[in-house]
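For reference, the structure discussed in these notes is given below.
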Amino acid sequence: MTAITQELTGWVFNIQHYSVHDGPGIRTTVFLKGCPLRCLWCSNPESQQLKPQILFENTNCIRCDTCMEICPEDAIAVNEDGIRQIIAERCTLCGVCIDECYAEGLELIGKERTVAEVMAEIKADQTFYDKSSGGMTLSGGDPTMQHPFSLEILKRCKALGIHTALETSGHTSWKIWESFLPYLDLVLYDVKEIDSDLHKQWTGVSNDLILENLKRLTKRDVSVIVRRPVIPGYNDSADSIHALGRFVSELCSIKEINLLPYHNFGKGKYERLGMEYAMGDSPSLKGADRPELADILRSYDLNVKIGG
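Numbering that gives the first Met the number 0 puts the first residue of the sequence shown at 0, with every later residue one more than the last.
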């Protein structure tokens, strides 16, 4: 009798085709759910939890209130602006509200996908990778949160000669990093802040493990680009940028830093998920804003790119 091997599955909330960000060339970016950080400025709050979430599409809502009437957990309410919201701590993801909403005002964020299903979408774009020196990027969330699933995708991509990149917070065990490294061409490594106390205050975790992993990565045979989200009023001071420049300049194999200007495009997602947005009405930064920050990093002989 032949044993049946169950295909690995993971929680995916988006697959973006023809991306020109998050690595070289034209890429397919696979966004996985789950992140160990809770950054105050997170633009993808739907990526934070490993489990699926229900998102209200207010523009589709016709205010019939059927969802509120049928929810067995009383997990849908109307806020002060008259917008229907999911009460996340009550929602059990039974899906009754989605099934009954004929206006399509509710959406389940996060779908369980097999490795084979994800690979089929990646392989469909392989012609574009070949012509543009592109490839596949795992993003999130943080792909290290779904280690076995992420690892299998990386292995299969490498077997097909597809360039691989991983976007990460770096907050995971070195054992997981060691399993990934043979199958990675590029790591896009976020360093939100060098000061550990401030990092914990803003993201919910210390950066000790993050910085230690980065030091170890730079001694291995993999390309690393450090990325810094620039958040007004948080990590955009000259002192903070100098600290970043000093730290990275001591890591001999890193020559490039990407500065990622803050944007508030994710604000509406918080409302639709029934979550509070800590950044309030903070305006987005433009790529040309704060040129002095790039100049500071260049003073440490680092190549600086605005955006990723």
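For glycine and all other residues, C-beta sits at the position ideal for the given N, C-alpha and C. Since we're looking at a predicted model, the values are computed, not measured.
Beta-carbon spacing of residue i, residue j below 8 Å
i      : j      : result
ASN59  : GLU103 : yes
ASP189 : THR167 : yes
MET278 : TRP10  : no
GLY22  : GLY134 : yes
ILE25  : LEU105 : no
LEU153 : THR143 : no
VAL229 : VAL186 : no
ILE86  : ALA74  : yes
GLU88  : LYS268 : no
PRO147 : LEU49  : no
LYS199 : TYR182 : no
The ligand PLP heavy atom lying under 7 Å from the CB of residue i
i     : result
ALA87 : As presented, the structure is devoid of all ligands, the ligand PLP included, so that no description of it is given.
Minimum C-alpha distance to residue i - residue among the options
i      : options                           : result
SER42  : ASP300, THR126 and THR202         : THR202
LEU258 : ASP280, LYS191, GLY267 and GLU270 : LYS191
ASP129 : ASP141, LEU150, CYS34 and ILE161  : ILE161
LEU334 : HIS20, GLN47 and VAL19            : Absent from the structure is residue 334, since the part of the chain shown begins at 0 and ends at 307.
LEU243 : PRO290, CYS90, LEU210 and LEU92   : LEU210
GLU79  : SER283, VAL225, VAL303 and GLU270 : GLU270
ARG112 : LEU92, GLU151, VAL95 and SER132   : GLU151
Residue i, buried or exposed, once every other Cβ within 10 Å from all chains shown has been counted against 16
i      : result
GLN145 : buried
HIS16  : exposed
ALA221 : What sits at residue 221 in the sequence shown is Val, not Ala. Classification of VAL221: buried, given that the 10 Å Cβ count is 16 or more.
ILE69  : exposed
SER236 : exposed
Those residues which DSSP pairs with residue i across a bridge
i      : result
HIS162 : GLY134
THR58  : DSSP lists no partner for THR58.
ILE53  : LEU107
PHE30  : ASN13 and SER138
Every unbroken beta strand (DSSP E) within the region 167-218, with a cutoff of 3 residues, ordered by chain:
185-189
Uninterrupted alpha helix (DSSP H) stretches inside the region 222-296 (no shorter than 4 residues):
237-248 and 266-272
Threshold first: 4 residues or longer. Then list the alpha helix (DSSP H) segments lying entirely within the region 76-123, N to C.
95-99 and 114-122
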